[in-house]
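Comments concern the structure below.
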Amino acid sequence: MAQLTLNLVQGAVSFSFSEEAAKQLQTEIATLMQSLKAIATANTGAGNRPVKQKSMEYRYTGDVFLEIFCNPNIYPSPFAAKILLTLRDDRIRLTSEADLTQLIEDLNMFLAS
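The sequence shown maps to residues 3 to 115 in this note's numbering.
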């Protein structure tokens, strides 16, 4: 298993992550992006009320437990979206925030290597 490094709002975290899990996370993010785009499109229309979109809740269990959460209904565009990340094992727990665009970039770099 390779090391995935996620750049957070302040700092970064690295952990073992599989390529299969990275591709699954990429699929979840693609669905989230569609939700964010639907909200952004509805917000630009005259009098249109956006349809409430489902939150993304991704979980991975390997050497560590990773949970990524994003509620697309609170962001005006995909570029403003942030994710809440929890990473833990039996000795430590880290909860932080990261930009969605940074997560996408970090994931793409992981899969390209």
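Think of the CB as a built atom: it goes at the ideal place given N, C-alpha and C, for glycine as much as any other residue. Source: prediction; values computed, not measured.
Supposed contact pair I70 and I94 - C-beta distance, whole angstroms, cut 8 Å: By a beta-carbon distance limit of 8 Å, I94 does not contact I70. Their separation comes to about 17 Å.
Residue range of the unbroken beta strand (DSSP E) whose run includes A114: Going by DSSP, A114 is part of no beta strand (DSSP E) but of the alpha helix (DSSP H) stretching over 102-114.
For E59, the nearest candidate out of C72, E22, I76, L8 (CA to CA): For the residues C72, E22, I76, L8, the minimum Cα distance to E59 belongs to C72.
Beta carbon of L10 nearer than 9 Å to that of A100: Closer than 9 Å, so yes.
Terminal residues of the beta strand (DSSP E) in which I70 lies: Looking at the DSSP string, the run of the beta strand (DSSP E) that includes I70 is 67-72.
Own chain partners of A23 with C-beta closer than 8 Å, once the 5 adjacent residues on each side are dropped: Hits under 8 Å: Y62, G64.
Whether S20 touches M3 by CB criterion (9 Å): Contact flag set, yes.
Beta-carbon proximity check, T88 vs L105, cutoff 9 Å: Contact annotation: T88 and L105 have beta-carbon atoms that are not nearer than 9 Å.
CB contact flag (L34, L113, <9 Å): In this structure, L34 lies away from L113, with their beta-carbon atoms at least 9 Å apart.
S79 vs L38 beta-carbon contact at 9 Å: Yes. Within cutoff.
L16 in three-state terms, based on DSSP: Checking the sequence shown, residue 16 turns out to be Ser, not Leu. Reduced to three states, the DSSP call for S16 is strand.
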